[in-house]
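Protein chains: 2
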Amino acid sequence: MSTLEITSLTKIKRAQQRGSYDLQAIYEILDATPLCHVGYAAEQQPIVTPTIHWRRGDRIFWHGSRISRTMVAPELQPVCITVTHLDGLVLARSAFHHSANYRSVMVFGRPELVTDRDEKTAVLTLLIDKMLPGRWDTLRPMTEKEFAATSVLSLPLTEASAKIRTGGPSDLESDLDFPVWAGVLPLTTMTGSPEPCSHNSLDQIQPPNLTGYKVG
Amino acid sequence: MSTLEITSLTKIKRAQQRGSYDLQAIYEILDATPLCHVGYAAEQQPIVTPTIHWRRGDRIFWHGSRISRTMVAPELQPVCITVTHLDGLVLARSAFHHSANYRSVMVFGRPELVTDRDEKTAVLTLLIDKMLPGRWDTLRPMTEKEFAATSVLSLPLTEASAKIRTGGPSDLESDLDFPVWAGVLPLTTMTGSPEPCSHNSLDQIQPPNLTGYKVG
Chain P
2 MSTLEITSLT KIKRAQQRGS YDLQAIYEIL DATPLCHVGY AAEQQPIVTP TIHWRRGDRI
62 FWHGSRISRT MVAPELQPVC ITVTHLDGLV LARSAFHHSA NYRSVMVFGR PELVTDRDEK
122 TAVLTLLIDK MLPGRWDTLR PMTEKEFAAT SVLSLPLTEA SAKIRTGGPS DLESDLDFPV
182 WAGVLPLTTM TGSPEPCSHN SLDQIQPPNL TGYKVG
Chain H
2 MSTLEITSLT KIKRAQQRGS YDLQAIYEIL DATPLCHVGY AAEQQPIVTP TIHWRRGDRI
62 FWHGSRISRT MVAPELQPVC ITVTHLDGLV LARSAFHHSA NYRSVMVFGR PELVTDRDEK
122 TAVLTLLIDK MLPGRWDTLR PMTEKEFAAT SVLSLPLTEA SAKIRTGGPS DLESDLDFPV
182 WAGVLPLTTM TGSPEPCSHN SLDQIQPPNL TGYKVG
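So the sequences go chain by chain: P and H.
Position 123 (the first sequence) corresponds to 124 in the working numbering; numbering is contiguous.
Position 131 (the second sequence) corresponds to 132 in the working numbering; numbering is contiguous.
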């Protein structure tokens with residue numbers, strides 16, 4: 002995050018230079034939210050689209066409608082996928098050292114379209130089951146038309162990096178006794194009470210694991 | 002969000018075609034979080050960077066260190082700034098109609114560097130005071146060096162659009178009595194208890210308006 006204050010960042014190196022510890026941090030940041038931002042360039046104009054992503058091993062997946070702009074010749078277009086958790090506002094004693102606590106991953110590469118039928122079924126199953134374990138098998142099965150209308154893209158996590166900022170303000174030593182309150186206002190994402198569809202039949206009970214969904 | 006399900010989106014048109022109601026929706030989405038994702042293209046490679054943004058009237062602002070990659074000749078590079086709130090997971094009766102509730106704004110254009118001294122001071126003051134009203138005046142004043150080291154960029158909201166999805170699943174009529182629970186799992190961002198810096202003096206009281214900060 003290019004905030005005014007950049008001194009206390011932990012930058013996790015790209016895959017070529019990093020150990021399993023760094024890769025684990027990348028996995029954890031990716032897994033902690035389904036929201037990502039996919040950036041690609043349509044000629045000279047960058048376009049950043051929010052979408053849902055999911056991970057299996059050392060690959061990240063996302064999907065879209067066949068007609069969506071992000072899906073035009075995806076193999077040809079390099080993308081950048083960024084996942085960010087805003088964890089807090091950092092209030093320092095000077096404007097310059099105000100900052101934000103966050104965890105962020107950037108993944109670079111040329112997307113690959115998942116074309117193999119079994120593989121595509123497997124990763125779509127995983128998408129649904131990451132929202133709610135076991136859900137795929139309880140759903141009305143996917144039709145051929147729906148299957149064909151859904152494009153799944155993936156990238157390996159070989160060109161990925163993470164940045165993490167945690168902790169309090171990084172004020173100058175000489176500012177520490179400046180008479181203003183300094184500290185962190187933490188931000189977290191919470192799940193609310195599930196809202197059942199009005200068409201659910203009366204005997205349709207809420208899945209017990211729905212309240213176990215975690216984000217952030 | 003290019004989710005499997007795109008039928009129930011509200012797409013708010015770009016400024017040229019829209020009324021004040023739509024612009025108001027764009028303002029509200031932008032103002033509800035300081036986090037944005039800035040996309041730009043470094044030659045052919047898109048780069049999506051999380052950063053802090055803020056708004057004044059019909060302009061969006063963001064900033065960065067002079068040495069940051071996003072700051073290289075910013076006037077020359079078209080960008081896309083995207084702000085997204087993930088408001089819930091939408092669990093439908095078929096995999097295809099699973100979706101997410103969200104509010105998102107995309108802003109396009111070539112950034113302008115804020116160079117006028119008074120204007121730059123005014124918008125940096127606004128950044129700090131949006132975090133906590135009145136805070137700028139309580140801080141150790143900005144030095145010349147800090148002021149010079151901070152770049153502020155802006156874009157007008159003329160090329161901006163919003164997308165909003167709300168409500169329950171948009172299942173096919175024929176799926177409505179399929180025997181599975183359907184509904185929405187809402188997600189919200191909450192502030193936690195402020196964490197004071199360990200260097201605060203004992204008589205340094207927490208700003209009373211800190212708990213009033215809202216996000217989401």
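Glycine included, every Cβ here is placed at the ideal spot set by N, Cα and C.
Asked	Found
Just the Cα atoms here: how many angstroms apart are H/Gly184 and H/Leu87?	16 Å
Taking C-beta to C-beta, are P/Leu188 and P/Val108 nearer than 9 Å?	no
Taking beta-carbon pairs under 8 Å, can you tell me which members of the segment 169-195 of chain P lie near chain H?	Gly169, Pro170, Asp172, Asp176, Leu177, Asp178, Phe179, Pro180, Val181, Trp182, Ala183, Gly184, Val185, Leu186, Pro187, Leu188, Thr189, Thr190, Met191, Thr192, Gly193, Ser194, Pro195
Would a C-beta distance cut-off of 9 Å place H/Thr167 and H/Asn210 closer than the cut-off?	no
Using a Cβ distance threshold of 8 Å, determine whether the segment 22-40 of chain H contacts the segment 47-59 of chain P, with at least three qualifying pairs required.	yes
Between which two residues does the alpha helix (DSSP H) containing P/Met132 stretch?	118-132
Tell me, please, whether the segment 83-99 of chain H touches the segment 121-136 of chain P by the rule of three or more beta-carbon pairs shorter than 8 Å.	yes
Check H/His200 in the structure and name its three-state DSSP category.	coil
Excluding the 5 residues preceding and the 5 following H/Pro195 in the sequence, name in chain order all residues of the same chain whose CB lies nearer than 7 Å to its CB.	Gln207, Leu211
Using a Cβ-Cβ distance cut-off of 9 Å, determine whether H/Gln17 contacts chain P.	The predicted position of H/Gln17 is uncertain, since its pLDDT is 47 and thus under 50; no value can be drawn from it.
Thinking H/Leu127 and H/Trp55 are a contact (beta carbons under 8 Å), I'd like their distance in whole angstroms, please.	6 Å
Alpha carbon to alpha carbon, how far is H/Glu160 from H/Thr83? Give it in angstroms, no decimals.	12 Å
Using CA atoms only, rank isn't needed, just tell me which of P/Leu156, P/Glu29, P/Gly58 is closest to P/Gly110.	P/Leu156
Name the chain H residues that come within less than 7 Å of P/Leu140, Cβ to Cβ?	Arg94, Ser95, Ala96, Val181
Using CA coordinates, which residue listed in H/Lys121, H/Pro180, H/Leu90, H/Pro170 is at the minimum distance from H/Ser152?	H/Lys121
Could you tell me the alpha carbon to alpha carbon distance between P/Arg57 and P/Asp23, rounded to whole angstroms?	17 Å
Chain P beta carbons: is any one of them nearer than 9 Å to that of H/Ile48?	yes
Just verifying my parser: in three-state terms, what is the DSSP assignment at P/Thr52?	strand
Taking 9 Å as the threshold (beta carbon to beta carbon), is H/Glu147 in contact with chain P?	yes
Cα separation between H/Gln205 and P/Ile27?	38 Å
P/Glu147: which of H/Leu92, H/Leu173, H/Glu145, H/Ser162 sits nearest, CA to CA?	H/Leu173
Give the straight-line distance between the Cα atoms of P/Pro197 and H/Gln45, rounded to the nearest whole angstrom.	45 Å
Note down the Cα distance separating P/Tyr214 from P/Leu31, rounded to an integer number of angstroms.	15 Å
Would you decide whether H/Arg118 is buried or exposed? Buried here means 16 or more other CB atoms lie within 10 Å of its CB.	exposed
Are the C-beta of P/Ile1 and some C-beta of chain H separated by less than 9 Å?	Lying outside 2 to 217, the shown extent of chain P, residue 1 of chain P is not represented and no answer is given.
Going by DSSP, what residue range makes up the beta strand (DSSP E) through P/Phe1?	Residue 1 of chain P is absent from the structure shown; chain P starts at 2 and stops at 217.
Hey, how far is the Cα of P/Met132 from the Cα of H/Arg141?	46 Å
Considering only the alpha carbon of each residue, which of P/Ala163, P/Val80, P/Gln78, P/Arg60 lies closest to P/Arg104?	P/Ala163
Alpha carbon to alpha carbon, how far is P/Glu29 from H/His64?	28 Å
Judging by CA-CA distance, which residue of H/Thr34, H/Val91, H/Ser202 is the nearest neighbour of H/Pro170?	H/Val91
Measure the alpha-carbon distance for P/Ser95 versus H/Leu154 and round it to whole angstroms.	20 Å
Under a three-way DSSP split, which group does H/Thr212 fall into?	helix
Hey, out of H/Asp176, H/Ser199, H/Gln78, whose CA is closest to P/Val181's CA?	H/Ser199
Between P/Asn201 and H/Asp176, what straight-line distance do the alpha-carbon atoms span, to the nearest angstrom?	11 Å
Less than 8 Å between the CB atoms is what I'm expecting for P/Pro47 and H/Val80, so what's the real figure, rounded?	6 Å
Measure the C-alpha to C-alpha separation of P/Asp59 and H/Asp178 and round it to an integer number of angstroms.	39 Å
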